[in-house]
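Colleague:
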Amino acid sequence: MAILSKEEAQAILKKVLSFSKADFCEVSLNGSDGGNIRYARNAVSTAGQISVMSLGVSSTFGKKTGSATINEFDDASLQKVVKRAEELAMLAPENPEFMPPLGPQTFPESTTYNANTAAMTPDTRAEMVGKSLSVSKAANLDAAGFLENSTRFNSIMNSKGLFAYNKGTNVSFSVTVRNKQGTGSGYIEQDFNDLSKMDTLALSKIAASKANGSAGAKAIEPGKYTVILEPLAASDMLGNMFRGFDARSADEGRSFMSKKGGGTRLGEQLFSENVNIYSDPLNLDIPSAPWNGDGLPIKRTQWVKDGIVKNLSYSRYWAAQKGVEPVPFSRSIVVEGGTQSLEELIKSTEKGILVTRFWYIRSVDPQTLLLTGLTRDGTFYIENGEIKFPIKNFRFNESPVIMLNNVEALGKPVRTGSGMIPPMKIKDFTFTSLSDAI
Amino acid sequence: MRRRDFLFMTGIGVGASMLESVPVFGRLISVEEALTPVDVALKKKMADVALNAAKSKGATYADVRIGRYLNQVIATKEKRVENVANAESYGMGVRVLAFGSWGFAATNNLDNDSIAKAAAMAVAIAKGNSKIMSEPVQLAAQKGYGEVSWKTPLEKNAFEVPITDKVDLLLNVNNEALKGGAKYVNSNLFMVNEQKYFASTDGSYIDQDIHRIWPTFTVTKIDAAGGKFETRNALSAPMGMGYEYLTPKDDEKIKGGPVTMYKKRYDIFEDVKEATAHIDEKLKAKPVQPGKYDLVLDPTHLFLTIHESVGHPTELDRVLGYEANYAGTSFLTLDKWESKKFNFGSKNVNILADKTEVGSLGAVGYDDEGVKCGNWDIIKDGILVNYQTIRDQAHIIGLKESQACCYADSWDSIQFQRMPNVSLAPGNVALTAAEMVKNVEKGIYMFGRNSYSIDQQRYNFQFSSQLAYEIKEGKIVGMLKDAAYQANTQEFWNSCTQCCDKNDYRLGGTFSDGKGQPSQVSAVSHGSATSRFNGVNVINTGRKLG
């Protein structure tokens, strides 16, 4: 019941709109169906399955909007939710930033859905976790992990004729493997739309190898180092920066994209010339819905070209204020890289530090986007193109903006949390203290 | 419906971003609906259906939580209302122990048939999990309390205050900031009411009515010519109280320092005026010279350091490795506790876990597995003496009873170990914050939470504040910018040389501490008096972009 087809969703949405008496009415219908297993100390700790669907109605008279939601779908309930939204709209104050809904739009076909992932059962999950546990048990290591899958659909329709529907699947897996002495720890995480790409056995072997390899870490002095950031580590840093590509906060003078004296840094060389970033919901490696919550089509957008800021994200309201076209943001971010593998980046490094991932990243200064956080689950010293020994974890204080001005090389992008992200070789990365944490 | 009962959202996108840090889940309901509780007799009947169904399917223990979670959020920005949301989430979670394993299922269909099905599903999941368990779950014994109830002590239920009054309050707060030259100001009011009914096969039927409130704001000024901006957040605390928290009282204020400080009554207008003036000082503040300083930490700041560096590493489930893949583990391993001489901090450091302190976020009568709440020492005269735990882990540290630290953030979340209020005891010798400052040669006086980061075993941390004042030879000489301190937990707490007395004791807290996969939030308070830490490493976090 929770996953409706395009036609089923459309039929319910049309019915809801037929009850509307407001100047504008926007309706959304979303559902998800999924399950998870959590494990620790080489045994399952919790497992669950959840299925939900809900309908939201926003009714507007003039610039006064009211919203209501419901999770029952009989005719009487649908009538009730529309009536409730309309009553609330009549009582609401005017919203000076209200934008009338969009008319009909056309969207390309998305590739976010995979039937194998949608067909996952509790047994599929148990089997995948069993593979992970077989690795840790055989190597006398302790595993703690989480496997989750979901199928979801999102749909919207409004009284000006817009209809959008998207169905997608996701399976995500993460595991921390530690040695029995607590002196070594390894981690990996991965998510895909397509279940067949997920290999919990191979991923757990990487985490296990890092757990063994990171044992007996030596302390080296904090300071500025050349680092090789694995895609996960790079993604941890960049995720914080992508949220700053917002025109409004830049125009308002409260972002690292704000220009001294007013205005934004659009068109300026903010990064090294080898930095190119775009987003594209149709990218086959990291697809996402080709429309946003307003029903605005999301197109391929170049954010950074040869280090120059080419676009900022504009909401419909802010775009209207500034007399430009709205530019929606997308989750399908691609940081372009080269063809080199992580191993090749290591081979070309005379002295440096390999970082598996970062942890507990927090903003320190929003004006420079200075972030602090720590390395975790596998940090290694590189000399003459080889990993020499594991090192103790560091705290860093670094800005991703400064980091992307110090790019020496970018490897081949892979799918990680924030998008398609390459491993990165960065000079002068600032570590400020040591941590005893393993 | 009357004007005062309106409920609206001015845009789904705006709403979602405003609510990011606080769980507002469930369906939107009217204010009138929110004020009508579910009949206790009906809840008992539904609970018995679940308990009987679980037992008949083979459960050796079962508990049921029927939860009605109400959230009201009011968000304003400058002169307009961004969002008013009044949401309810209502349903039942059934947890069973069967075949030596836990199983859990939840439903929001509360007819007898659906309840029995959920109970049967929980038993089926337990049976499935039992195949990969190496040893059966050991549950600490717990006596049944029969039919009992508990309610947050409050003077004024915030859900009964008309929404227009709350909107007016926040818009007036914004006006104060704008009058003081602020360019932007956001103010928000978060209110939570958990109506929780717990029943178990131990023979408990516990009805609880729990309230929390959090007023907060952020004021921003822009120096366009200099390309700079600064903000100052409210110095309020989220509290386990009613709307009375927003009625100022002179005897709940501490004056005389650079900032007015509030105990269990908050003066939001006074604070916003001070905040707006502080930003001018922040824009002109001197960059901190890195080095060692004696830190004087106000409770509005220190609570988060306590939370991160004492609260989390003393969670027993972290110590054991249950959080290894997410929140992390802990440096306070069992051998350190067993030695009975692990020197966590100086002799001035006494840390108490408490689930009963009036006004605190963690105060409840009973936890989410039916254990009556109390308090206990975690750090005594600087030594690690205890952890925080629940029924199925108590035996690991030799306890016969749970410490009542079990919590789930919703009826459809599985209850697990969550932090009680963890607080630093005030000093026994009479001492005010002003007197403490007088004895500091080279120091920094910090107020309010800002950036915070700590490693996964809770050794190395970095914190910064809303306000940092330089102390020179016993006097506050001006404001500093870009100051953050980095320390190791054990070294930091061993550098604690003084805590002010109980007259300076105040609660701070967080509404949304995250833990678990899928992630759950919980609200927890941390009390302290202003405290001094000697010779802490302070760094300068200022940078320049090209």
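The listed protein sequences correspond, in order, to chains A and B.
Position 384, counted from 1, in the first sequence is what the numbering used here calls 384; the numbers after and before it change by one each time, with no gaps.
Position 455, counted from 1, in the second sequence is what the numbering used here calls 455; the numbers after and before it change by one each time, with no gaps.
Just so it is clear, CB atoms sit at the ideal spot from N, CA and C, and this is done for glycine as well.
A quick note: this is a predicted structure, and the numbers were derived from the prediction, not measured.
Looking only at its own chain, which residues have a Cβ that is under 7 Å from the Cβ of LYS305 of chain A, when we skip the five neighbours before and after it?
Modeller: In the first sequence, the residue the question calls residue 305 of chain A occupies position 305. Hits under 7 Å: ASN276.
Colleague: Using CA coordinates, which residue listed in A:LEU370, A:ILE421, A:GLY378, A:ALA43 is at the minimum distance from SER399 of chain A?
Modeller: As a position in the first sequence, residue 399 of chain A is number 399, starting the count at 1. Out of A:LEU370, A:ILE421, A:GLY378, A:ALA43, A:LEU370 has the C-alpha closest to the C-alpha of SER399 of chain A.
Colleague: Under a CB-based cut-off of 8 Å, is LYS260 of chain A close to chain B?
Modeller: As a first step, residue 260 of chain A is located in the first sequence; it is residue number 260 there, counting from the start. Closer than 8 Å: yes.
Colleague: If LEU189 of chain B and LEU171 of chain B are in contact, beta carbons under 8 Å, what's the gap, nearest whole angstrom?
Modeller: Along the second sequence, one-based indexing puts residue 189 of chain B at 189. Along the second sequence, one-based indexing puts residue 171 of chain B at 171. So it is not a contact: roughly 11 Å between Cβ atoms.
Colleague: Closer than 7 Å: is that where the CB of TYR445 of chain B sits relative to any heavy atom of the ligand FMN?
Modeller: No copy of the ligand FMN occurs in the structure displayed, which carries no ligand at all.
Colleague: Could you tell me whether any Cβ in chain B is nearer than 8 Å to the Cβ of THR124 of chain A?
Modeller: Walking along the first sequence from the start, residue 124 of chain A turns up at place 124. Answer no: the Cβ-Cβ gap between THR124 of chain A and chain B never drops below 8 Å.
Colleague: Give me whichever residues DSSP pairs with THR499 of chain B in a beta bridge.
Modeller: In the second sequence, residue 499 of chain B corresponds to position 499, counting from 1. First, the residue type needs correcting, since residue 499 of chain B is Cys and not Thr in the sequence shown. Note: CYS499 of chain B sits in a beta bridge opposite B:SER531.
Colleague: So, for LEU17 of chain A: in the same chain, excluding its five sequence neighbours on each side, which residues have a beta-carbon less than 7 Å away from its beta-carbon?
Modeller: Residue 17 of chain A sits at position 17 when you count from the first residue of the first sequence. So the list reads CYS25, VAL27, MET157, SER159, once near-sequence residues are dropped.
Colleague: According to DSSP, simplified to helix, strand and coil, what is THR76 of chain B?
Modeller: For the purposes of this step, residue 76 of chain B is taken as the residue at position 76 of the second sequence. Of the three classes helix, strand and coil, the one that applies to THR76 of chain B here is strand, per DSSP.
Colleague: Report the residue from A:LYS427, A:SER433, A:ALA85, A:GLU148 whose alpha carbon sits nearest the alpha carbon of LYS392 of chain A.
Modeller: Here the question's residue 392 of chain A lines up with position 392 in the first sequence. That would be A:SER433, whose Cα lies nearest to the Cα of LYS392 of chain A.
Colleague: Taking the CB atoms as reference points, tell me whether PRO621 of chain B and GLY542 of chain B lie closer together than 8 Å.
Modeller: The requested residue 621 of chain B does not occur in the structure, where chain B is confined to residues 1 to 546.
Colleague: Please confirm whether GLU147 of chain B and TYR197 of chain B have their CB atoms less than 8 Å apart.
Modeller: Numbered from its first residue, the second sequence carries residue 147 of chain B at position 147. Numbered from its first residue, the second sequence carries residue 197 of chain B at position 197. Their beta carbons are not under 8 Å apart, which means GLU147 of chain B does not touch TYR197 of chain B by this criterion.
Colleague: Strictly by DSSP, which residues pair up with LEU97 of chain B?
Modeller: What you label residue 97 of chain B is simply residue 97 of the second sequence in a count that begins at 1. Residue pairing of LEU97 of chain B in beta bridges, as defined by DSSP: B:TYR61, B:TRP102.
Colleague: In angstroms with no decimal places, state the Cα-to-Cα distance between VAL167 of chain B and SER59 of chain A.
Modeller: Numbered from 1 along the second sequence, position 167 holds the residue referred to as residue 167 of chain B. Numbered from 1 along the first sequence, position 59 holds the residue referred to as residue 59 of chain A. Rounded to the nearest angstrom, the two C-alpha atoms are 21 Å apart.
Colleague: What distance in whole Å lies between the Cβ atoms of ASN384 of chain A and GLU344 of chain A, which are believed to be in contact at a cut-off of 8 Å?
Modeller: Here residue 344 of chain A refers to the residue found at position 344 when the first sequence is read from its first residue. Here residue 384 of chain A refers to the residue found at position 384 when the first sequence is read from its first residue. With 8 Å as the limit, GLU344 of chain A and ASN384 of chain A do not qualify as a contact, their Cβ atoms being about 15 Å apart.
Colleague: Under DSSP, the alpha helix (DSSP H) around PRO231 of chain A begins and ends at which residues?
Modeller: The residue labelled residue 231 of chain A in the question sits at position 231 within the first sequence. Note, PRO231 of chain A: alpha helix (DSSP H), 231-242.
Colleague: Within the continuous alpha helix (DSSP H) that includes TRP318 of chain A, where are the two ends?
Modeller: Residue 318 of chain A sits at position 318 when you count from the first residue of the first sequence. From DSSP, the alpha helix (DSSP H) with TRP318 of chain A extends over 316-322.
Colleague: Going by the CB atoms, is the gap between GLU323 of chain B and ASP63 of chain B shorter than 8 Å?
Modeller: The residue you call residue 63 of chain B lines up with position 63 of the second sequence. The residue you call residue 323 of chain B lines up with position 323 of the second sequence. No, the pair does not count as a contact, with Cβ atoms beyond the cut-off.
Colleague: Beta carbons nearer than 8 Å to chain A: which residues of the segment 304-324 of chain B have them?
Modeller: Under the 8 Å Cβ criterion, the segment 304-324 of chain B contributes LEU320, GLY321, TYR322, GLU323, ALA324.
Colleague: At the level of alpha carbons, what is the spacing between ALA105 of chain B and VAL538 of chain B?
Modeller: Reading the second sequence from its first residue, position 105 is the one you call residue 105 of chain B. Reading the second sequence from its first residue, position 538 is the one you call residue 538 of chain B. Answer to the nearest angstrom: the Cα atoms are 49 Å apart.
Colleague: Which stretch, first to last residue, makes up the beta strand (DSSP E) that contains VAL296 of chain B?
Modeller: Position 296 of the second sequence, counted from the start, is the residue given in the question as residue 296 of chain B. Residues 291-297.
Colleague: Any Cβ of chain B within less than 8 Å of the Cβ of PHE146 of chain A?
Modeller: Here residue 146 of chain A corresponds to residue number 146 of the first sequence, with the count starting at 1. Nearest CB-CB separation between PHE146 of chain A and chain B: below the 8 Å threshold.
Colleague: Would you mind telling me which residues of chain B sit closer than 8 Å to TYR360 of chain A, beta carbon to beta carbon, in chain order?
Modeller: As a working mapping, residue 360 of chain A is identified with position 360 in the first sequence. Ordered by position in chain B, the residues that pass the 8 Å Cβ test against TYR360 of chain A are SER453, ILE454, ASP455, GLN456.
Colleague: Taking 8 Å as the cut-off, does the segment 113-125 of chain B touch the segment 359-369 of chain B (at least 3 CB pairs, one atom from each stretch)?
Modeller: no
Colleague: Answer with yes or no whether the minimum CB distance from ARG254 of chain A to chain B is below 8 Å.
Modeller: For the purposes of this step, residue 254 of chain A is identified with residue 254 of the first sequence, where counting begins at 1. So yes, ARG254 of chain A belongs to the interface.
Colleague: Among all the DSSP beta bridges, which residues are the ones paired with GLY145 of chain A?
Modeller: The sequence position of residue 145 of chain A within the first sequence is 145, counting from 1. In DSSP, GLY145 of chain A forms a bridge with A:TYR39, A:VAL175.
Colleague: So LYS253 of chain B packs on ASP267 of chain B, CB below 8 Å; how close in whole Å?
Modeller: On the second sequence, residue 253 of chain B is found 253 positions in, with the first residue counted as 1. On the second sequence, residue 267 of chain B is found 267 positions in, with the first residue counted as 1. Contact holds; Cβ gap of about 7 Å.
Colleague: Using a Cβ-Cβ cutoff of 8 Å, what residues of the segment 484-500 of chain B are near chain A? List them in chain order.
Modeller: ALA484, GLN486, ASN488
Colleague: Using a Cβ-Cβ cutoff of 7 Å, what residues of the segment 369-382 of chain A are near chain B? List them in chain order.
Modeller: LEU370, THR372, GLY373, LEU374, ARG376
Colleague: With 16 as the cutoff for other CB atoms within 10 Å, does GLU441 of chain B come out buried or exposed?
Modeller: Locating residue 441 of chain B in the second sequence gives position 441, counting from the first residue. Flag for GLU441 of chain B reads exposed.
Colleague: If you run the structure through DSSP and keep just helix, strand and coil, what is GLN105 of chain A?
Modeller: Here residue 105 of chain A refers to the residue found at position 105 when the first sequence is read from its first residue. Coil.
Colleague: What are the boundary residues of the alpha helix (DSSP H) that ASP368 of chain B is part of?
Modeller: Stepping through the second sequence from its first residue, residue 368 of chain B is reached at position 368. Segment: none, ASP368 of chain B is in no alpha helix (DSSP H) and carries neither H nor E.
Colleague: If you count every other CB in all the chains shown that lies within 10 Å of the CB of PHE25 of chain B, and 16 or more means buried, which is it?
Modeller: Residue 25 of chain B sits at position 25 when you count from the first residue of the second sequence. Residue confidence is low: PHE25 of chain B scores 48 on pLDDT, short of 50, so the model does not pin down where it sits. No coordinate-derived value is stated.
Colleague: Compute the distance between the beta-carbons of ALA54 of chain B and ALA122 of chain B, then report whether it is under 8 Å.
Modeller: Locating residue 54 of chain B in the second sequence gives position 54, where the first residue counts as 1. Locating residue 122 of chain B in the second sequence gives position 122, where the first residue counts as 1. A contact, by the Cβ cut-off of 8 Å.
Colleague: Return the first residue and the last residue of the alpha helix (DSSP H) that GLU7 of chain A is part of.
Modeller: Here residue 7 of chain A refers to the residue found at position 7 when the first sequence is read from its first residue. Residues 6-18.
Colleague: Could you tell me how far apart the beta carbons of THR530 of chain B and HIS307 of chain B are, in whole angstroms, since I believe they sit closer than 8 Å?
Modeller: Counting from one through the second sequence, the residue named residue 530 of chain B turns up at place 530. Counting from one through the second sequence, the residue named residue 307 of chain B turns up at place 307. In fact, because the Cβ distance is near 17 Å, the residues do not count as touching under 8 Å.
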